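Note sheet for the following structure.
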Amino acid sequence: MKISVKKDVPVVGKYGAVICGGGPAGWVAAVAAARQGCRTALVERFGFLGGTATAGLVMPISAFYNNNVRVVGGIPWEFILELIRLNAARVELPRGHISTDPEYYKLAAQRMVLNAGVDVYTNSYLSGAVTDGRNVRAVLIENKNGTEALEGDYFVDATGDGDLCAMAGAEMLRFACPQPLSMEFTLTEVDLTTPLLRDSIRHDGRNGRSVHTEIHSYLNALYKEGRCPNFCGPWFNTLVKGDRITVNITRSTASILDNREFARGEFQLREDIFTLVKLLRERYPEFRNCVIDSTAVSAGTREGRHLVGVHTLTGEELLAGVDFPDSVARNAHPVDIHAPSAGEQTLTEMPHSGHIPYRAMISPALDNLLAAGRILSADSMAHATIRIQGTAMATGEAAGTAAALCSSGKCTVHTLHVDALRRTLVANGCII
Numbered sequence: 143m144k145i146s147v148k149k150d151v152p153v154v155g156k157y158g159a160v161i162c163g164g165g166p167a168g169w170v171a172a173v174a175a176a177r178q179g180c181r182t183a184l185v186e187r188f189g190f191l192g193g194t195a196t197a198g199l200v201m202p203i204s205a206f207y208n209n210n211v212r213v214v215g216g217i218p219w220e221f222i223l224e225l226i227r228l229n230a231a232r233v234e235l236p237r238g239h240i241s242t243d244p245e246y247y248k249l250a251a252q253r254m255v256l257n258a259g260v261d262v263y264t265n266s267y268l269s270g271a272v273t274d275g276r277n278v279r280a281v282l283i284e285n286k287n288g289t290e291a292l293e294g295d296y297f298v299d300a301t302g303d304g305d306l307c308a309m310a311g312a313e314m315l316r317f318a319c320p321q322p323l324s325m326e327f328t329l330t331e332v333d334l335t336t337p338l339l340r341d342s343i344r345h346d347g348r349n350g351r352s353v354h355t356e357i358h359s360y361l362n363a364l365y366k367e368g369r370c371p372n373f374c375g376p377w378f379n380t381l382v383k384g385d386r387i388t389v390n391i392t393r394s395t396a397s398i399l400d401n402r403e404f405a406r407g408e409f410q411l412r413e414d415i416f417t418l419v420k421l422l423r424e425r426y427p428e429f430r431n432c433v434i435d436s437t438a439v440s441a442g443t444r445e446g447r448h449l450v451g452v453h454t455l456t457g458e459e460l461l462a463g464v465d466f467p468d469s470v471a472r473n474a475h476p477v478d479i480h481a482p483s484a485g486e487q488t489l490t491e492m493p494h495s496g497h498i499p500y501r502a503m504i505s506p507a508l509d510n511l512l513a514a515g516r517i518l519s520a521d522s523m524a525h526a527t528i529r530i531q532g533t534a535m536a537t538g539e540a541a542g543t544a545a546a547l548c549s550s551g552k553c554t555v556h557t558l559h560v561d562a563l564r565r566t567l568v569a570n571g572c573i574i
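Have a look at this one:
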């Protein structure tokens with residue numbers, strides 16, 4: 143049974159660039175576009191920015207360095223420096239992972255977005271796209287005002303799962319066996335002074351193996367006995383101030399792209415959090431008095447939809463360090479593939495930073511739409527390294543800047559002079 147609904151939708155804004163998604167890629171894209179003089183809108187389903195880092199509690203923000211050499215600059219690095227100024231971030235070398243506090247992240251991100259002059263539509267869910275041939279004309283959003291439309295000359299999909307691209311008719315790819323979900327949470331009253339955690343809490347490339355190996359072995363034995371739910375890691379990360387840590391330990395094979403299945407998956411993940419913490423309390427004195435302080439607003443998604451772009455980036459290209467003539471961002475994180483089964487993960491180090499081409503951000507079927515973040519056109523191996531937050535932020539700046547340049551130059555995303563884009567990015571402190 144179907145119900146037909148016809149209604150007039152008010153256009154509440156007309157913009158040079160409309161950015162959908164206020165996570166790491168999206169809010170950076172909005173700042174980049176607005177700073178280029180483009181009238182910019184940012185749509186975000188929650189009442190705050192940051193996505194993976196804030197709604198998902200995924201810490202640290204990885205990875206800004208490769209072998210002690212910084213490979214992410216521009217607006218993302220400006221943001222990190224502001225967090226450091228607020229005494230709310232720690233850069234951990236040689237990998238350049240950034241430990242920070244989600245609440246300071248929200249504050250610093252919103253300040254940068256508002257100071258850039260971006261019109262922000264928070265608590266607004268993307269529900270549709272109006273297309274005209276090869277162009278997106280408007281996006282539809284749902285909020286307490288009802289259904290509203292935002293018209294734009296150019297659009298950036300930074301939704302994480304390619305929602306706008308799919309709505310607009312771009313060809314999308316779903317991997318046969320996507321990486322599983324996780325729901326992160328924070329603990330307080332954890333004893334961080336003992337050897338188990340003191341020397342292992344930081345994601346700095348030198349420590350962390352002892353706590354991972356010890357607790358992983360314990361949980362894996364319980365899992366085989368049927369006494370432990372599906373799990374990953376575990377990984378613990380400081381929130382810089384106090385005794386709070388984030389915990390990445392849960393795992394679910396539920397699909398983000400099916401509403402009912404995703405709901406069941408999130409409910410199970412929340413049950414699993416309490417079960418796993420109980421097991422930690424029973425075994426380790428460091429966790430004996432710990433308190434579950436908060437859980438993520440939404441489960442963290444490693445894989446959803448992927449754009450089929452003009453170029454599909456491969457893991458082999460990234461590992462070989464192929465420097466594309468249209469490279470607009472760099473990445474440094476290892477190829478990190480989580481298997482659905484408990485505790486299974488494959489990690490391949492990047493011998494040097496990789497290059498991300500502009501062509502992986504655009505669909506051959508659409509002339510005014512760009513993609514940013516983990517939905518870029520990439521195979522499963524490449525996706526497993528570029529899905530990381532630092533890289534998402536870098537691709538967000540590239541996409542937002544490209545949208546603004548297209549708007550001022552009245553060209554399509556395909557006819558944009560990429561050399562001009564690259565020069566602009568470098569002038570703004572980006573590393574390409």
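Sequential numbering of the sequence shown, starting at 143, is according to this note's numbering. Ideal Cβ positions, reconstructed from N, Cα and C, are used throughout, including at glycine. Predicted model only: the values in this text are computed from it and were never measured.
Tell me the rounded alpha-carbon separation between Gly-216 and Glu-539.
Against the sequence shown, residue 216 aligns to sequence position 74. Against the sequence shown, residue 539 aligns to sequence position 397. C-alpha separation (whole angstroms): 8 Å.
If you reduce the DSSP assignment to three classes, tell me which class Leu-455 lands in.
Your numbering for residue 455 matches position 313 in the sequence shown. Reduced to three states, the DSSP call for Leu-455 is strand.
DSSP-derived helix/strand/coil call for Gly-350
Reading the sequence shown from its first residue, position 208 is the one you call residue 350. Because the pLDDT at Gly-350 is just 48, under 50, the model does not fix this residue reliably, and the point stays unresolved.
Under the three-state reduction of DSSP, which class applies to Glu-424: helix, strand or coil?
Here residue 424 corresponds to residue number 282 of the sequence shown, with the count starting at 1. DSSP, reduced to helix, strand and coil, places Glu-424 within a helical segment of the structure shown.
Could you tell me the distance, in whole angstroms, from the CA atom of Asn-570 to the CA atom of Glu-290?
In the sequence shown, residue 570 corresponds to position 428, counting from 1. In the sequence shown, residue 290 corresponds to position 148, counting from 1. Their backbone Cα atoms lie some 34 Å apart in a straight line.
Which residue from Gln-531, Leu-282, Tyr-267 and Val-560 puts its Cα closest to that of Ala-195?
On the sequence shown, residue 195 is found 53 positions in, with the first residue counted as 1. Measuring from the Cα of Ala-195, the nearest candidate turns out to be Gln-531.
Under 8 Å, with one C-beta from each stretch per pair, do the region 214–231 and the region 496–509 reach the 3-pair mark?
With the cut-off at 8 Å, the region 214–231 and the region 496–509 do not touch.
Compare the Cα-Cα distances from Ala-441 to each of Glu-356, Ala-175 and Asp-414 and report the closest residue.
Residue 441 sits at position 299 when you count from the first residue of the sequence shown. Closest option to Ala-441, Cα to Cα, is Asp-414.
Euclidean distance between Cα positions of Arg-177 and Val-477
The residue you call residue 177 lines up with position 35 of the sequence shown. The residue you call residue 477 lines up with position 335 of the sequence shown. Near 33 Å, if we compare the C-alpha coordinates of Val-477 and Arg-177.
Could you have a look at Arg-340 and say whether DSSP puts it in helix, strand or coil?
For the purposes of this step, residue 340 is taken as residue 198 along the sequence shown, with counting starting at 1. Helix, per DSSP.
Given 8 Å as the limit, is there contact between the region 454–467 and the region 354–370, that is, 3 or more CB pairs closer than that?
Contact fails: fewer than three Cβ-Cβ distances are below 8 Å.
For Gly-198, collect the residues of the same chain with a Cβ closer than 7 Å to its Cβ; drop the 5 residues on either side in sequence, then sort them by chain order.
As a working mapping, residue 198 is identified with position 56 in the sequence shown. Only Glu-326, Ala-438, Ser-440 and Gly-442 meet the Cβ criterion.
Start and end of the beta strand (DSSP E) containing Ser-324?
Indexing the sequence shown from 1 puts residue 324 at position 182. Ser-324 -> no beta strand (DSSP E), and no H or E assigned at all.
Nearest CA to the CA of Thr-301: which residue from Leu-399, Leu-547 and Phe-221?
By 1-based counting over the sequence shown, the position of residue 301 is 159. Cα-wise, what sits closest to Thr-301 is Leu-399.
Apart from the five residues on each side of it in sequence, which residues of its chain come closer than 8 Å, Cβ to Cβ, to Glu-403?
Here residue 403 corresponds to residue number 261 of the sequence shown, with the count starting at 1. The residues are Ala-396 and Ser-397.
CB-CB under 8 Å to Arg-340, same chain, minus the five flanking residues each way: which ones, in chain order?
Counting from 1 along the sequence shown, the entry for residue 340 is found at position 198. Cβ neighbours of Arg-340 beyond the five flanking positions: Leu-334.
Who are the near neighbours of Ala-251 in its chain, counting only those whose CB is closer than 6 Å to its CB and skipping five residues on each side?
Translated into positions along the sequence shown, residue 251 becomes position 109. Same-chain partners within the cutoff: Trp-169, Leu-191 and Gly-192.
The beta strand (DSSP E) spanning Tyr-263 covers which residue range?
The residue given as residue 263 occupies position 121 in the sequence shown. 261–263 is the extent of the beta strand (DSSP E) around Tyr-263.
With DSSP run on the structure shown, which of helix, strand or coil describes Asn-401?
Start at 1 with the first residue of the sequence shown, and residue 401 comes out as number 259. If DSSP states are grouped into helix, strand and coil, Asn-401 belongs with the helices.
Status (buried if at least 16 other CB within 10 Å, exposed otherwise) for Met-503
Stepping through the sequence shown from its first residue, residue 503 is reached at position 361. By the neighbour-count criterion, in which a residue is buried when 16 or more other Cβ atoms sit within 10 angstroms of its Cβ, Met-503 is buried.
With a threshold of 8 Å between beta-carbons, can Leu-421 be considered close to chain D, or not?
No chain D appears in this structure, which consists of one protein chain only.
Quick one: which unbroken beta strand (DSSP E) runs of 3-plus residues sit fully inside the region 481–560? Chain order, please.
Within the region 481–560, the complete beta strand (DSSP E) runs of at least 3 residues fall at 487–490, 496–499 and 511–513.
Collapsed DSSP secondary structure at Asp-468 in the structure displayed:
For the purposes of this step, residue 468 is taken as residue 326 along the sequence shown, with counting starting at 1. Reduced to three states, the DSSP call for Asp-468 is coil.
In chain order, what residues of the same chain lie with their CB nearer than 6 Å to the CB of Glu-491, ignoring the 5 residues before and after it?
Counted from its first residue, the sequence shown places residue 491 at position 349. Within the same chain, Glu-491 has close Cβ partners Pro-476.
Should Phe-378 go down as buried or exposed, given a rule of 16 or more other Cβ atoms within 10 Å for buried?
Reading the sequence shown from its first residue, position 236 is the one you call residue 378. The residue is buried, with at least 16 neighbouring Cβ atoms inside 10 Å.
Please determine, among Ser-522, Leu-567, Thr-543 and Asn-510, the residue with the shortest C-alpha to C-alpha distance to Gly-275.
For the purposes of this step, residue 275 is identified with residue 133 of the sequence shown, where counting begins at 1. Ranking the options by Cα distance to Gly-275, first place goes to Asn-510.
Met-309 burial status per 10 Å Cβ neighbour count (16 or more: buried)
Residue mapping note: residue 309 aligns to position 167 of the sequence shown, counting from 1. Met-309 is buried by the Cβ-count criterion.
In terms of residue numbering, what span does the alpha helix (DSSP H) encompassing Asp-305 cover?
Stepping through the sequence shown from its first residue, residue 305 is reached at position 163. Here the alpha helix (DSSP H) through Asp-305 covers 305–309.
If we count the other Cβ atoms within 10 Å of its Cβ and call it buried at 16 or more, is Gly-463 buried or exposed?
Locating residue 463 in the sequence shown gives position 321, where the first residue counts as 1. By the 10 Å Cβ count, Gly-463 comes out exposed.
Residue ranges of each beta strand (DSSP E) run of no fewer than 3 residues wholly in the region 363–403, ordered along the chain?
373–380 and 387–392
Any alpha helix (DSSP H) of 4 or more consecutive residues that is wholly inside the region 187–230:
For the alpha helix (DSSP H) assignment, the uninterrupted runs of no fewer than 4 residues enclosed by the region 187–230 are, from N- to C-terminal side, 216–227.
Per the DSSP calculation, Gly-288 is bridged to which residue(s)?
The residue you call residue 288 lines up with position 146 of the sequence shown. Partner(s): Asn-285.
If you drop the 5 nearest sequence neighbours on each side, which residues of the same chain put their C-beta closer than 7 Å to that of Thr-488?
The sequence position of residue 488 within the sequence shown is 346, counting from 1. Same-chain partners within the cutoff: Ile-479.
According to DSSP, residues forming a beta bridge with Val-298:
Mapped onto the sequence shown, residue 298 falls at position 156. According to DSSP, Val-298 shares a beta bridge with Ile-161 and Leu-512.
Which listed residue (Leu-547, Val-433, Arg-386 and Thr-557) has its alpha carbon closest to that of Val-452
For this step, residue 452 is matched to residue 310 along the sequence shown. Answer by Cα proximity: Thr-557.
So if DSSP puts Ser-436 in a beta bridge, which residue, or which two residues, is it bridged to?
In the sequence shown, residue 436 corresponds to position 294, counting from 1. DSSP output for Ser-436 lists Thr-328 as bridge partner(s).
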